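See structure below.
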Amino acid sequence: MEQITILEGRQKQIFEKKKGVAQPDIACDTSSLSGSVSQRACVFCGSRVVLYPIADAIHVVHGPIGCAAYTWDIRGAVSSGPELHRLSFSTDLQEMDVIYGGEKKLYHSLIELIEQYKPKAAFIYSTCIVGLIGDDIDAVCKKVAKECGIPVLPVHSEGFKGTKKDGYKAACHALMKLIGTGSTEEISKYSINILGEFNLAGEAWIIRQYYEKMGIEVVATLTGDGRIDAVRQAHGATLNVVQCSGSMTWLAKEMEAKYGIPYIRVSYFGIEDMSKSLYDVAKYFPDRLDIMEAAKEVVSEEVKSLYPSLQKFKKALTGKKAAIYVGGAFKTFSLIKALRSIGMSVVLAGSQTGDKNDYARLKEMCDEGTVIVDDSNPVELSKFILEKEADLLIGGVKERPIAFKLGIGFCDHNHERKIPLAGFVGMYNFALEVYQSVMSPVWQFAPRKGGTL
Amino acid sequence: MKHAKTATQNACKLCNPLGACLAFRGIENCVPFLHGSQGCATYIRRYLISHYKEPIDIASSNFHEESAVFGGSHNLKIGLKNVSDQYKPEVIGVATTCLSETIGDDVPGILREYKKEFKNGSPMPILIHASTPSYQGSHIDGFHAAVRATVKTLAEKGEAQELINLFPNMVSPADLRYLKEIFSDFKAPMLLLPDYSQTMDGGPWGEYHRIPPGGTPASAIAGAGSAKASIEFGSTLEAAKSAAGYLDDAFGVPRHHLSLPIGIKESDRFFSLLETLTGHARPEKYDDERRRLVDAYADGHKYVFEKKVILYGEEDLVVAMTAFLSEIGMTPVLCASGGKSGLLKRRINELVPNMDELGIKVREGVDFVDIEDEAQVLQPDFLIGNSKGYTMSRKNNIPLLRLGFPIHDRFGGQRMHHLGYRGTQELFDRIVNTVIEQRQNASSIGYTYM
Numbered sequence: 001m002e003q004i005t006i007l008e009g010r011q012k013q014i015f016e017k018k019k020g021v022a023q024p025d026i027a028c029d030t031s032s033l034s035g036s037v038s039q040r041a042c043v044f045c046g047s048r049v050v051l052y053p054i055a056d057a058i059h060v061v062h063g064p065i066g067c068a069a070y071t072w073d074i075r076g077a078v079s080s081g082p083e084l085h086r087l088s089f090s091t092d093l094q095e096m097d098v099i100y101g102g103e104k105k106l107y108h109s110l111i112e113l114i115e116q117y118k119p120k121a122a123f124i125y126s127t128c129i130v131g132l133i134g135d136d137i138d139a140v141c142k143k144v145a146k147e148c149g150i151p152v153l154p155v156h157s158e159g160f161k162g163t164k165k166d167g168y169k170a171a172c173h174a175l176m177k178l179i180g181t182g183s184t185e186e187i188s189k190y191s192i193n194i195l196g197e198f199n200l201a202g203e204a205w206i207i208r209q210y211y212e213k214m215g216i217e218v219v220a221t222l223t224g225d226g227r228i229d230a231v232r233q234a235h236g237a238t239l240n241v242v243q244c245s246g247s248m249t250w251l252a253k254e255m256e257a258k259y260g261i262p263y264i265r266v267s268y269f270g271i272e273d274m275s276k277s278l279y280d281v282a283k284y285f286p287d288r289l290d291i292m293e294a295a296k297e298v299v300s301e302e303v304k305s306l307y308p309s310l311q312k313f314k315k316a317l318t319g320k321k322a323a324i325y326v327g328g329a330f331k332t333f334s335l336i337k338a339l340r341s342i343g344m345s346v347v348l349a350g351s352q353t354g355d356k357n358d359y360a361r362l363k364e365m366c367d368e369g370t371v372i373v374d375d376s377n378p379v380e381l382s383k384f385i386l387e388k389e390a391d392l393l394i395g396g397v398k399e400r401p402i403a404f405k406l407g408i409g410f411c412d413h414n415h416e417r418k419i420p421l422a423g424f425v426g427m428y429n430f431a432l433e434v435y436q437s438v439m440s441p442v443w444q445f446a447p448r449k450g451g452t453l
Numbered sequence: 454m455k456h457a458k459t460a461t462q463n464a465c466k467l468c469n470p471l472g473a474c475l476a477f478r479g480i481e482n483c484v485p486f487l488h489g490s491q492g493c494a495t496y497i498r499r500y501l502i503s504h505y506k507e508p509i510d511i512a513s514s515n516f517h518e519e520s521a522v523f524g525g526s527h528n529l530k531i532g533l534k535n536v537s538d539q540y541k542p543e544v545i546g547v548a549t550t551c552l553s554e555t556i557g558d559d560v561p562g563i564l565r566e567y568k569k570e571f572k573n574g575s576p577m578p579i580l581i582h583a584s585t586p587s588y589q590g591s592h593i594d595g596f597h598a599a600v601r602a603t604v605k606t607l608a609e610k611g612e613a614q615e616l617i618n619l620f621p622n623m624v625s626p627a628d629l630r631y632l633k634e635i636f637s638d639f640k641a642p643m644l645l646l647p648d649y650s651q652t653m654d655g656g657p658w659g660e661y662h663r664i665p666p667g668g669t670p671a672s673a674i675a676g677a678g679s680a681k682a683s684i685e686f687g688s689t690l691e692a693a694k695s696a697a698g699y700l701d702d703a704f705g706v707p708r709h710h711l712s713l714p715i716g717i718k719e720s721d722r723f724f725s726l727l728e729t730l731t732g733h734a735r736p737e738k739y740d741d742e743r744r745r746l747v748d749a750y751a752d753g754h755k756y757v758f759e760k761k762v763i764l765y766g767e768e769d770l771v772v773a774m775t776a777f778l779s780e781i782g783m784t785p786v787l788c789a790s791g792g793k794s795g796l797l798k799r800r801i802n803e804l805v806p807n808m809d810e811l812g813i814k815v816r817e818g819v820d821f822v823d824i825e826d827e828a829q830v831l832q833p834d835f836l837i838g839n840s841k842g843y844t845m846s847r848k849n850n851i852p853l854l855r856l857g858f859p860i861h862d863r864f865g866g867q868r869m870h871h872l873g874y875r876g877t878q879e880l881f882d883r884i885v886n887t888v889i890e891q892r893q894n895a896s897s898i899g900y901t902y903m
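Going line by line, the protein sequences match chains A and B.
The first sequence: position 420 = 420 (my numbering), numbered continuously.
When you read off a place in the second sequence, starting at 1, and then add 453, the result is the number in my numbering.
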């Protein structure tokens, strides 16, 4: 087979754990190399994914049509009520707007859309060329907010002004403007906000239910099944519980600084991390022992029914090897543990946006011989999948065809999934999906497994 | 309810660079390259993958603030170098975006500089540049711009040959395979551009391929300039924007411009053109296909007669489908497109002269909210178009028959036929079955015989 080489500018972002070999820090937090086919997106994408699930606001993309068209109803983020987030609005800028400016078009678009849909708020995303033609979207937003009497929030997400992470920050910045504007009078002392949970396939409902069973009040979920009024009250919670550290840690830190609300980082994937995220919240309220008792009860009840059902999968999957390439590094940690619990090892682990600490921890967790990558691309992923003889790839839509072409199983762990993978029930779904893909008899025809080409 | 008109809601179009990336995938050993932000390439990959279920690598020059201020020349060059090193392509298809177009990067100039500066490195790929600003037109314009740019870069003057150029428009991989089969049966040498029949619908891999196998070789495209004729599908595609138009101007290769051959009349037109150009009679196999189709029309005519349809998608597809539907007695009460060539109505009228009498309404430059408003008034029996009409279909309880691009919520969009007798047969069967299924479901009796 032809040798696949790694681009010179990429070598520092790849690492293989080997005994007796010096352990350099992996380079990360850099922008993608020109010409490498990064699996990342842009600043706009970062903002759009964070705010997307807020269902009673309109999300208006100020720019040419593409950015809005490609993000129309693409996430599995569901709502229990209004569904404005599933519509796509764009100012659809044309050449004349680029020459003469798009402010007027934005203004009229907003006034009309707000009149038609009566949203609780509007988020206005600026895209690449808005950053170039110099539209003052802050001024337009201010004017419309005044005329319509709802918050109209600019999100400065010009695609080229940083990485996806900067987009997360721009989104959190818009959220910070809402937080603190609602009443907190009725909120219990035993309350939390769930941060970085997007209610994909109803995951936030599953998590919320666990906490509520423990006697904890959930003030706001940011942003899954999100509502503007809940966001406005979020400063009334006692604790912020942060999942998807990549997108929401900044917000948690800001809320800590401004409102003195501490935060903890959790993950809802896999039995171990899911249980820990309930215990950690319970520990935060030591004066109420019943909360910890309730947490234990939730865990024991769930695990009692889950554990036996996992054994069939474990038996089949033991010894199989997985490759993980997802957006945030924190998810990678949980996935490694979850995979181990069903007998699988991890031969490749990577993320689009992990930071130094994430990668240090990843190195610690991984087995000998595991390859760790930051901001990888299809060529590298394929190289390591083949070299390490992985049986499964976990990733998103862009990674899926790589797995299938090479004849291995695939589990979609990105924001388009339609099956909940969080919580205890999510662990069952995860194991089932992995099992169904890895154990399928169709791979016997794959050339890699001896099928004819 | 008063509807917002300034903003585009639920767009019935995509942006210019998407079409260019798809077209570039139809050239052998070619990597599409977007000169813009990382997001454009990633979003477009995601969108194409969800339809074609194939890996599609699109490189990006990955603009940063400095590139936006000082120009993208540096990033473009580094990007081209990296793609050359990692993919070892024969061709790189560079398409611009709103960003690089707005800052006014002189891409042809940068490419010339690049060729000079890097001539001693790894083998220099052929560089093709298509201008595809997202603030103009839609994805179909980018598609044609890339095809034209390819021909412009590669076609050469040469000794006259029997070759026929075929520019098929944005059709499915299955359609492309069918077109190749037809030419092969006619024993007519053809140049098909683009040809993503294999790159976007290929087999499993025994080893990793940097660039999937398939596509039209650059060396073959050189011959386009000495071909004896070009055939180009797409009624709203003007010569000034098309590959065949360029070849006619530059090399005197006559351009034969047809609607996408859907339905019997338009397929006949295509086959009779092939007979004229090749001097061969239509092979028996296609006579059979045509006979079966005529027979099927007879068998199914009652199901479809005067059924009302709303049709939407790229303008050329809408024109061709309108012609087909009218020949089977269906009424496209609305022919809609997000595209805006200004030609949609005129082209439909040419193929369906009694369109006003039939009550065919035409609207271009619309979005799905506009179409839905119309649907509520027109009360069609079903919708025909891509997956993105599903929201409207579900909300208004109108069945949707999926075709074209994108098919994101059904399996096998890339293997669907639309063209010629075979494609028409497939479409006709599906249309009739949609009606039958609807009747069967609506009946309280539950007939097993329909």
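We put the CB at the ideal spot given by N, CA and C, even for glycine.
Please read these numbers as outputs of a predicted model, since none were measured by experiment.
Subject >> Three-state class that DSSP yields for A:Lys337 in the structure shown >> reply: For A:Lys337, the three-state secondary structure derived from DSSP is helix.
**OP:** Kindly indicate if chain B contains any beta-carbon less than 9 Å away from that of A:Ala68.
**Re:** True, the Cβ-Cβ gap to chain B drops below 9 Å.
**OP:** Report the rounded CA-to-CA distance for A:Ile26 versus B:Ile715, giving the unit in angstroms.
**Re:** Between A:Ile26 and B:Ile715, the C-alpha separation is close to 56 Å.
**OP:** Can you tell me which of the three DSSP states B:Phe704 falls into?
**Re:** In the structure shown, the three-state DSSP call for B:Phe704 is helix.
**OP:** Please name the residue in A:Val346, A:Ala204, A:Gly226 whose C-alpha comes closest to that of A:Arg86.
**Re:** Cα-wise, what sits closest to A:Arg86 is A:Gly226.
Subject >> Within chain B, partners of A:Lys467 - CB distance below 8 Å >> reply: Residue 467 of chain A lies beyond the range of chain A shown here (1 to 453); nothing can be said about it.
Original post:
In three-state terms, what does DSSP make of A:Arg227?
Top reply: DSSP places A:Arg227 in coil when its eight states are reduced to three.
Subject >> Simplified DSSP state of B:Phe914, which is helix, strand or coil >> reply: One cannot answer for residue 914 of chain B here, as it falls past the ends of chain B, which runs 454 to 903.
Original post:
CB-CB under 8 Å to B:Lys633, same chain, minus the five flanking residues each way: which ones, in chain order?
Top reply: So the qualifying residues of the chain are Met643, Leu645, Asp648, Ser650.
Original post:
So what does A:Arg265 bridge to, in DSSP terms?
Top reply: According to DSSP, which records beta bridges pairwise, A:Arg265 is partnered with A:Val242.
Subject >> Uninterrupted beta strand (DSSP E) stretches inside the region 455-514 of chain B (no shorter than 3 residues) >> reply: 483-488, all fully within the region 455-514 of chain B.
Subject >> Beta carbon of A:Ile394 nearer than 9 Å to that of A:His413 >> reply: Yes, the Cβ-Cβ distance between A:Ile394 and A:His413 is below 9 Å.
**OP:** List the endpoints of the continuous alpha helix (DSSP H) containing A:Val43.
**Re:** Start and end: 43-51.
Original post:
What residues of chain B sit near A:Leu453, judged by a beta carbon separation below 9 Å?
Top reply: Close partners of A:Leu453 in chain B (Cβ separation under 9 Å): Gly656, Pro657, Trp658, Gly659.
Original post:
So, helix, strand or coil for A:Ile124, using DSSP?
Top reply: DSSP places A:Ile124 within a strand segment (E or B) once states are collapsed to three.
**OP:** Indicate whether at least one CB of chain A lies closer than 9 Å to the CB of B:Leu471.
**Re:** Answer yes: the Cβ-Cβ gap between B:Leu471 and chain A drops below 9 Å somewhere.
Subject >> is_contact[A:His108, chain C] using C-beta, thresh 9 Å >> reply: The structure shown contains no chain C; its protein chains are A and B.
Subject >> Cβ neighbours of B:Pro586 in the same chain (closer than 8 Å, five flanking residues each side left out) >> reply: Within the same chain, B:Pro586 has close Cβ partners Asn469, Thr549, Thr550, Cys551, Glu554, Thr555.
Subject >> Through-space distance from B:Asn528 to B:Phe516, alpha-carbon basis >> reply: Looking at the two C-alpha atoms, the distance is approximately 7 Å.
Original post:
Taking Cβ-Cβ distances shorter than 7 Å, what residues in chain B pair up with A:Phe89?
Top reply: Residues of chain B whose Cβ lies closer than 7 Å to the Cβ of A:Phe89 are, in chain order, Ala460, Gln462.
Original post:
Is the shortest distance between the beta-carbon of B:Gln878 and the beta-carbons of chain A less than 9 Å?
Top reply: Interface residue (Cβ-Cβ distance to chain A less than 9 Å): B:Gln878 is not classified as such.
Original post:
Taking the alpha helix (DSSP H) that B:Ile593 falls in, what are its first and last residues?
Top reply: Taken as a continuous stretch (DSSP letters only), the alpha helix (DSSP H) holding B:Ile593 covers 592-607.
**OP:** Could you have a look at A:Asn414 and say whether DSSP puts it in helix, strand or coil?
**Re:** In the structure shown, A:Asn414 falls within a coil segment according to DSSP collapsed to helix, strand and coil.
Subject >> Burial state of B:His456 (16 or more Cβ within 10 Å) >> reply: That one is exposed.
Original post:
Since B:Leu580 meets chain A, which of its residues come closer than 9 Å, beta carbon to beta carbon?
Top reply: Within chain A, no residue comes near B:Leu580; the closest Cβ sits about 13 Å away, beyond 9 Å.
Original post:
Within 9 Å (strictly less), CB to CB, does A:Cys411 reach chain B?
Top reply: Not closer than 9 Å to any Cβ of chain B, the Cβ of A:Cys411 fails to qualify, so no.
Subject >> Whole-angstrom distance between B:Ser695 and B:Phe724, CA atom to CA atom >> reply: Going from the Cα of B:Phe724 to the Cα of B:Ser695 covers about 22 Å.
**OP:** Starting from the C-beta of A:Ala294, find all residues in its chain whose C-beta is less than 7 Å away, skip the five residues before and the five after it, and write them out in chain order.
**Re:** Short of 7 Å from the beta carbon of A:Ala294, and not among the five residues preceding or following it, lie these beta carbons of its own chain, in chain order: Lys213, Met214, Gly215.
Subject >> Nonlocal neighbours in the same chain, by C-beta distance under 6 Å from B:Phe636, ignoring five residues either side >> reply: For B:Phe636, where only same-chain residues beyond five positions count, the Cβ hits under 6 Å are Met643.
Subject >> Within chain A, the residues that B:His456 reaches when beta carbons sit closer than 9 Å >> reply: What B:His456 touches in chain A: Glu112, Gln116.
Original post:
From what residue to what residue does the beta strand (DSSP E) around B:Tyr765 run?
Top reply: It spans 761-765 - the beta strand (DSSP E) in which B:Tyr765 sits, taken as one unbroken run.
Original post:
Bridge partners of B:Thr932, per DSSP?
Top reply: No answer is possible for residue 932 of chain B: it lies beyond the span of chain B, which begins at 454 and ends at 903.
Original post:
Going by C-alpha distance, which of A:Ala55, A:Ala252, A:Ala338, A:Gly260 is nearest A:Gly196?
Top reply: The candidate whose alpha carbon is nearest that of A:Gly196 is A:Ala252.
Original post:
Just how far apart, CA to CA, sit B:Arg750 and B:Arg744?
Top reply: First, the residue type needs correcting, since residue 750 of chain B is Tyr and not Arg in the sequence shown. Taking the CA atoms as reference points, B:Tyr750 sits about 10 Å from B:Arg744.
Original post:
Residue range of the beta strand (DSSP E) that A:Lys85 falls in?
Top reply: Before going on, a small fix: residue 85 of chain A reads as His here, not Lys. Unbroken run through A:His85: none, as it is neither H nor E.
Subject >> For A:Ser334 and A:Ile264, the rounded distance between their alpha carbons >> reply: Rounded to the nearest angstrom, the gap between the Cα atoms of A:Ile264 and A:Ser334 is 16 Å.
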